[in-house]
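Chains as they are written, first to last, in my numbering: chain L, 14 to 124; chain X, 2 to 113.
Just so it is clear, CB atoms sit at the ideal spot from N, CA and C, and this is done for glycine as well.
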Amino acid sequence: EPEVTQTPSHQVTQMGQEVILRCVPISNHLYFYWYRQILGQKVEFLVSFYNNEISEKSEIFDDQFSVERPDGSNFTLKIRSTKLEDSAMYFCAIRDVNEQFFGPGTRLTVL
Amino acid sequence: GQQLNQSPQSMFIQEGEDVSMNCTSSSIFNTWLWYKQDPGEGPVLLIALYKAGELTSNGRLTAQFGITRKDSFLNISASIPSDVGIYFCAGLVYNQGGKLIFGQGTELSVKP
């Protein structure tokens with residue numbers, strides 16, 4: 014099973030601040046995903062990223078969100094101006110054939 | 002949008018009992034995946050299903066891909082305390098970047 018790590022494990026920020034969440038897949042993959050999970054709810058798709066560009070995004074992924082893979086390894090999710098409702102677990106996932114493997118997540122708390 | 006309805010929402014069972022949970026959708030999926038999530042951790046893939054009618058086992062877990070491609074079930078036999086957690090079904094949408102649509106989850110509690 015492919016391994017995915019995420020940093021930080023927990024991020025606390027003030028409303029309106031920018032945050033960057035990082036995902037580091039251990040081996041080379043082409044497809045990357047970000048999902049979020051509000052406490053007690055289901056996992057929701059945010060964005061898929063293939064060949065260094067966004068291939069699909071959900072309605073949650075508005076102009077405040079962006080993704081990039083700046084150095085060909087790390088895969089980042091940036092939230093420019095956080096809102097209270099952005100508080101959630103954020104999971105990075107990689108695709109291996111037709112299976113997706115998730116990282117341990119970053120818990121984002123917006124105060 | 003596409004939605005998965007997963008049931009039951011929660012189950013409280015005795016150790017050794019069998020468990021069954023299922024997911025239904027109004028949309029067709031090409032792949033069904035079942036995940037388990039422990040508190041504060043990411044979902045862990047249990048079983049992947051690729052063909053309608055497929056029945057796949059992984060230890061005490063058995064899952065089936067429905068004939069209509071709109072449903073799937075997961076069975077856990079002879080439950081043990083470490084089976085406790087939240088189980089999610091997920092349908093893979095190929096033509097939308099391969100995103101996963103998740104069910105609401107089934108929270109399983111096992112009493113020793």
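- Segment contact: the region 71–84 of chain X against the region 23–39 of chain X, three or more CB-CB distances shorter than 8 Å; contact assigned.
- Within its own chain, the residues whose Cβ lies closer than 8 Å to the Cβ of aspartate 19(X), once the five positions on either side in sequence are excluded, are Asn76, Ile77, Ser78, Ala79 and Ser80, listed in chain order.
- Fewer than three pairs of CB atoms, one per stretch, sit closer than 8 Å, so the region 20–31 of chain L makes no contact with the region 58–68 of chain X.
- Of the residues assessed, proline 44(X) falls on the buried side of the cut-off, its CB having 16 or more other CB atoms within 10 angstroms.
- For methionine 28(L), there is no enclosing beta strand (DSSP E), since its DSSP letter is neither H nor E.
- Rounded to whole angstroms, proline 113(X) and valine 17(L) show a C-alpha spacing of 33 Å.
- A distance below 6 Å between beta-carbons, with the five flanking residues on each side excluded, links alanine 91(X) to the following residues of its chain, in chain order: Leu34, Leu101 and Phe103.
- Using a CB distance below 7 Å, no part of the region 71–87 of chain L faces chain X.
- In the three-state DSSP reduction, proline 117(L) falls in the coil class, being neither helix nor strand.
- Put simply, the CB of glutamate 69(L) is near chain X, with a gap under 8 Å to one of its CB atoms.
- When CB distances to chain L are screened at a threshold of 9 Å, the residues of the region 10–43 of chain X falling below it are Asn31, Thr32, Leu34, Tyr36, Gln38, Gly41, Glu42 and Gly43, in chain order.
- Per DSSP, reduced to three states, the secondary structure at serine 83(X) is helical.
- Using a Cβ-Cβ cut-off of 8 Å, tyrosine 88(X) does not count as an interface residue toward chain L, since no Cβ of chain L sits closer than that to its own.
- Annotation: arginine 35(L) has no Cβ neighbours in chain X at a cutoff of 8 Å; minimum Cβ distance is about 15 Å.
- Residues of the same chain with a CB within less than 6 Å of the CB of valine 94(X), apart from the 5 flanking positions on each side, are Lys100 in chain order.
- In this structure histidine 42(L) is in contact with proline 15(L), their Cβ atoms being roughly 7 Å apart against a cut-off of 8 Å.
- Assignment of glutamate 108(X) by DSSP, reduced to helix, strand and coil, places it in the strand class.
- Nearest in C-alpha terms to serine 79(L), of all of Ile92(L), Asn87(L), Ser71(L) and Phe88(L), is Ile92(L).
- With respect to serine 22(L), threonine 119(L) sits close: the two C-beta atoms are nearer than 8 Å.
- Proximity to phenylalanine 89(X) across Asp75(L), Ile67(L) and Gly53(L) peaks at Gly53(L), based on C-alpha coordinates.
- In summary, proline 9(X) is exposed, with fewer than 16 beta-carbon neighbours lying within 10 Å of its beta-carbon over all protein chains present.
- In the DSSP assignment, no residue is bridged to serine 28(X).
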